[in-house]
Amino acid sequence: FKGLRAAIEPTSIPSPLDTIEDDKEQWEDQTYGTLPGGHVPLSTSDYVAIDQGNSSPRYMRVSTWNVPSTSRLASDCGIPLAAIIQPFSDQDPQEEPVPVVETGDVGPARCAQCRAYINPWCKWVAGGMRWKCNLCSHETEVAPEYFCNLDANLNRLDHMQRLELNKGTIDFVVPDEYWAVDPPPRISPLFQSVITPPKSGRRQPKPMLYVFALDVSMDAIKSGFTLSACMNLLGVLYNSQSEGDTKSGLCIPPESKICIITYDRTIHFYDLSPRANDTASMLVIPDLEDIYVPIRNGLFVDPQACRQTITNLLAGLGSPDGRPITTEAALGSALAACLAALAGSGGQVVVFAAVIPTIGLGALKSPDDDTTLYGTDKEKTLFTPRHGTWEDLAVQCAEEGIGVSMFLGQSRPIDVASVGIVSSLTGGELFFHPRFDPARDGPVLRSQLHRLLSRTTAYSCAMRVRCSNGLRVAQHYGNFYEGPTSDLILGTFDADKAVSVSLEHTGTLNDSTFAFLQSAVLHTTAAGQRRVRVCNVGLQVASLAGSVFRYADMEAVVSHMVREGVSQMSRDRIAKIQERLTEKCMAVLLGYRRLCAANAQASQLIIPEAFRALPLYTLAMFKTKSLKGRNVTTDVRNYHSHKVRGMSVRAIMQHLYPGLLALHDLDDTIALPDANTGRIRLPSLMRDSYIFMESYGIYLIDNEEMMVLWIGSDASPRLLKDLFDVDEFMQVDTHLTQLPRLPTRLSMQVHNILAHRRAQRGWTPKFLIARRNMDAAEIEFSDMLVEDQNNAAMSYLDYLCHVHRLINQEVRVLLCLALTMTLLFAMHSSPEGLRRIIVASGHRGSSDDAWESAGNVRIAYLAAVCSLSSCKTPRLVPGDPVLRSSLLQPPSLYHVCCGRVQIHNQCKLRDLRHRSLSLSVI
1 FKGLRAAIEP TSIPSPLDTI EDDKEQWEDQ TYGTLPGGHV PLSTSDYVAI
51 DQGNSSPRYM RVSTWNVPST SRLASDCGIP LAAIIQPFSD QDPQEEPVPV
101 VETGDVGPAR CAQCRAYINP WCKWVAGGMR WKCNLCSHET EVAPEYFCNL
151 DANLNRLDHM QRLELNKGTI DFVVPDEYWA VDPPPRISPL FQSVITPPKS
201 GRRQPKPMLY VFALDVSMDA IKSGFTLSAC MNLLGVLYNS QSEGDTKSGL
251 CIPPESKICI ITYDRTIHFY DLSPRANDTA SMLVIPDLED IYVPIRNGLF
301 VDPQACRQTI TNLLAGLGSP DGRPITTEAA LGSALAACLA ALAGSGGQVV
351 VFAAVIPTIG LGALKSPDDD TTLYGTDKEK TLFTPRHGTW EDLAVQCAEE
401 GIGVSMFLGQ SRPIDVASVG IVSSLTGGEL FFHPRFDPAR DGPVLRSQLH
451 RLLSRTTAYS CAMRVRCSNG LRVAQHYGNF YEGPTSDLIL GTFDADKAVS
501 VSLEHTGTLN DSTFAFLQSA VLHTTAAGQR RVRVCNVGLQ VASLAGSVFR
551 YADMEAVVSH MVREGVSQMS RDRIAKIQER LTEKCMAVLL GYRRLCAANA
601 QASQLIIPEA FRALPLYTLA MFKTKSLKGR NVTTDVRNYH SHKVRGMSVR
651 AIMQHLYPGL LALHDLDDTI ALPDANTGRI RLPSLMRDSY IFMESYGIYL
701 IDNEEMMVLW IGSDASPRLL KDLFDVDEFM QVDTHLTQLP RLPTRLSMQV
751 HNILAHRRAQ RGWTPKFLIA RRNMDAAEIE FSDMLVEDQN NAAMSYLDYL
801 CHVHRLINQE VRVLLCLALT MTLLFAMHSS PEGLRRIIVA SGHRGSSDDA
851 WESAGNVRIA YLAAVCSLSS CKTPRLVPGD PVLRSSLLQP PSLYHVCCGR
901 VQIHNQCKLR DLRHRSLSLS VI
């Protein structure tokens, strides 16, 4: 039973699937040239980009590829001006690698005024002696080593040989003046450094160093978390293949070295130098408040040269035999020890933690029941650290060029808001495995660890985004530390991380030229080379709202909105954030209706083609575990908030609207290699709702965090046999962590689909099996069906009607305000007009009380505005002209408050004859 038939046919409601499937088909057989002027591929499509002077959308994606020329037009359209930047994104195997340009001792050419890097959009003047910056228009002298004559087209004669003048994304190898700078000494340091800082204050780039810190407390040992971490670390370091591995070869650069630290009530360092008995010697730091590194030689070693010593050490750590076991673990002190080991060099820290740190630096108490705080002003305290030491640790790690990633395998609350901020501010990552089960979570941990160590990762990073005259960067969102100079400081920056920036107008843009964005990330590669990754984008400027909407990018808008909303959790209540997101969605649709479809009937909901699924994705934001209204544990909320802030555009879109596949309905050719080309064609997605499902079906859903295989109670025994090798519904083993490989067509098809998703993502998420009305995993499956009513939020149909209702209210309010302004204008400008209005109002007295009648007319108009906006009792703001008895000295601001709707007019009444109204709906 699927419920009563809705008044609106569900299949007629806008869905993102048609656009996604059409875009995949469009770019399947053709390449994408990055020159401005066309539509870009969706992030969910597999495409091959050709760099023609603009960075690929993989690296930078903007909310509209036609930038509004004025702030007025941007405000009227309602589209937030934003850019999503993922500078180290993985490329398609068929694409050319990012070019690397050697700049010698001179360094890359940079603008003398705004410090932008030279790029394909710059112009050459004065016979090649100077170049004009495309961002600030300043002309900079060309260094003698970089000079070249110009041809008849005013291009350099060596233009085609200069990759930085042809490619939008480029890597500059930079000289020592760009080396990382040591942070200034602190009054109360958290550790004693073992390395003497260089006299120059700059660090020579070196291959990345890795520190692995393992929790050896009683809970970690008993749950199998430590043993699983050690065995998986051995497998990843020494390339023991598993199904989740997508790359062959070593996970870390051959020149890199590793260090191993363990901790419980004390901190344990290990001398991993090769010995005759291949046994590591342990040095213990008992004072958790005074952290230092007790050794220099043998602390960092080559994992290949000391393989046997490392293997023996890790193999014995997961067993309690031969050493005392304690119930507490000093995670804060352990992080300070990692910081001390890497201070002066930078690198990456990987921490495995299983218990809340109740001793040592940043000691925390077990959190109390926090459900009573939701909906109150204290709700935001749930998403901030409870001890200042954790933020101090995070800032020091970021300044030292250290990124911290954490694997959390706790069985009780661990206060992710406090310990997780170290990963959030350093550019690291959190991996969440509550109630860790080695059989269920071990393979996932192995896959995550493999991806963490094998993906492209830079360290000691500093990022800055520049834009052309008329625009400025207003705000940044993501996992980073924003330093005092407005640069974004990241200990590590990897291929899966993205940053969002919001833009504002500072002037009027010329619609006959381009607007430009440039992102520059100064970093050290894992192999030890100091570089700058520069991404450039040229955008067309539009003075018409239709062009702004036509080339809008909904994926960038959605990614920016959810990142902005999650970032506000520490400052505002979740209910307020949800309202604000709805208002942003409504503003976009209202802007299109006012500017591009003003003649549409009020009963019609007008949605632009570029934003046809915006209400659905906005609703999906409310159903994420970070923003959903239903009770969710604070640790889970904080973990998902961290993930969303750093997700790529592709990951966010697939997380908000999970891909749902009907496995029982695959035809004979889908998801199998083509006989001629060898390519695999994947099945089409279906809508995320029970309405479109069948009780005899088998469905697979994937939200980038977990995959759930749902089995209907009426599933065919043939399907169960082909997929699980069982004969009936009740025999399906729900504890499987992966599907068995069987010699059947259906099994091959499903495994090909899973392999494709694993290759896209780079790792394997948690896999659950849910039988209908039988298993608890069905709750997770149901929560991913975002079009249904769940997660304490409306269904898609109800939310669409809610948004339509709000838009109609706004349209009526704007109409009544225009009528009111017209009335006021007539009353002020013409005595005859005033007389007609007074007569129409029924006034029969003398002319002395004419103004009083005029006031009554205006109050009547205000009442009409309030009634049309569904406001029972209007709130009249003191100073409002409605409360005045005279219009001889009209105020400069009309402020009408109707419930949640506020309408502002900044024009003086006496100026209304000479300028049009400037209205903004908040």
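Numbering of the sequence shown is given in UniProt numbering, commencing with residue 1 and proceeding in unit increments.
Ideal placement from N, C-alpha and C gives every residue a C-beta, glycine not left out.
CB of residue i within 7 Å of CB of residue j, strictly
| i | j | result |
| --- | --- | --- |
| Glu564 | Tyr657 | no |
| Arg464 | Asp494 | no |
| Arg472 | Thr506 | yes |
| Glu164 | Ile118 | yes |
| Ala354 | Val293 | no |
| Ile606 | Ala598 | no |
| Val566 | Ser502 | no |
| Ser418 | Trp390 | yes |
| Leu227 | Gly318 | yes |
| Ala336 | Ile291 | yes |
Residue from the options whose Cα sits closest to the Cα of residue i
| i | options | result |
| --- | --- | --- |
| Ser468 | Gln518, Thr764, Leu299 and Met686 | Gln518 |
| Arg72 | Leu509, Trp179, Thr513 and Asp437 | Leu509 |
| Glu780 | Glu787, Leu768 and Gln789 | Leu768 |
| Phe724 | Asp714, Val708, Val501 and Thr744 | Thr744 |
| His523 | Pro324, Val174, Leu619 and Asn703 | Val174 |
| Met160 | Ile221, Ala109 and Gly53 | Gly53 |
| Ala498 | Val521, Gly483 and Glu504 | Val521 |
| Met748 | Leu663, Ala715 and Val732 | Leu663 |
| Arg650 | Ser69, Leu627, Glu555 and Gly528 | Glu555 |
| Val679 | Pro14, Asp18 and Glu28 | Reading off the sequence shown, one finds Arg at residue 679, where the question assumed Val. Ranking Pro14, Asp18 and Glu28 by Cα distance to Arg679 puts Glu28 first. |
| Glu787 | Ala575, Ala620 and Gly38 | Ala620 |
| Val708 | Ser55, Ala776 and Thr677 | Ala776 |
| Asp783 | Thr820, Val644 and Tyr690 | Tyr690 |
| Gln654 | Pro683, Cys259, Ile20 and Gln410 | Ile20 |
| Asp76 | Glu728, Leu806 and Tyr592 | Tyr592 |
| Ala587 | Leu364, Lys628, Phe549 and Val211 | Phe549 |
| Gly762 | Gln604, Met693, Ile50 and Arg446 | Arg446 |
Boundaries (first-last residue) of the alpha helix (DSSP H) holding residue i
| i | result |
| --- | --- |
| Leu331 | Leu331 to Leu342 |
| Glu21 | Leu17 to Trp27 |
| Leu746 | Arg745 to Arg761 |
| Ser89 | Ser89 -> no alpha helix (DSSP H), and no H or E assigned at all. |
| Asp635 | Thr634 to Gly646 |
| Glu579 | Ile574 to Cys596 |
| Glu399 | Gly388 to Glu399 |
| Tyr459 | Careful: Tyr459 lies outside any alpha helix (DSSP H), inside the beta strand (DSSP E) at Thr457 to Cys467. |
Classification of residue i by the beta-carbon crowding that lies within 10 angstroms, buried from 16 upward
| i | result |
| --- | --- |
| Ala671 | buried |
| His735 | exposed |
| Thr485 | exposed |
| Arg594 | buried |
| Leu35 | exposed |
| Glu83 | Here residue 83 is Ala; the residue named in the question, Glu, does not match the sequence. By the neighbour-count rule (16 or more Cβ atoms within 10 Å), Ala83 is buried. |
| Val106 | exposed |
Beta-carbon proximity list for residue i, same chain, < 6 Å, skipping 5 on both sides
| i | result |
| --- | --- |
| Asp92 | Val48 |
| Ser847 | Low confidence applies to Ser847: its pLDDT is 44, below 50, so where it sits in the model is not reliable enough to give any reading. |
| Asp370 | Leu382 and Thr634 |
| Leu237 | Pro303 |
| His268 | Thr262, Met282 and Val284 |
| Arg58 | Ser89 |
Boundaries of the beta strand (DSSP E) in which residue i is found, first to last residue
| i | result |
| --- | --- |
| Gln475 | Leu471 to Tyr477 |
| Val532 | Arg530 to Ala542 |
| Ile489 | Leu488 to Asp494 |
| Leu709 | Met706 to Ile711 |
| Val67 | Asn66 to Pro68 |
Residues near residue i by beta carbon distance below 8 Å, same chain, minus five either side
| i | result |
| --- | --- |
| Glu289 | Ser333, Gly360 and Leu361 |
| Lys380 | Met569, Ser570, Arg571, Asp572 and Arg573 |
| Leu135 | Cys111, Cys114, Ala116, Arg466, Cys467, Ser468, Asn469, Phe516 and Gln518 |
| Arg637 | Leu382, Phe383, Met569, Lys625 and Ser626 |
| Asp158 | Cys148 |
Proximity test, residue i beta-carbon vs the ligand NAP heavy atom, cut-off 6 Å
| i | result |
| --- | --- |
| Glu787 | Ligands are entirely absent from the displayed structure, and the ligand NAP is therefore not among its contents. |
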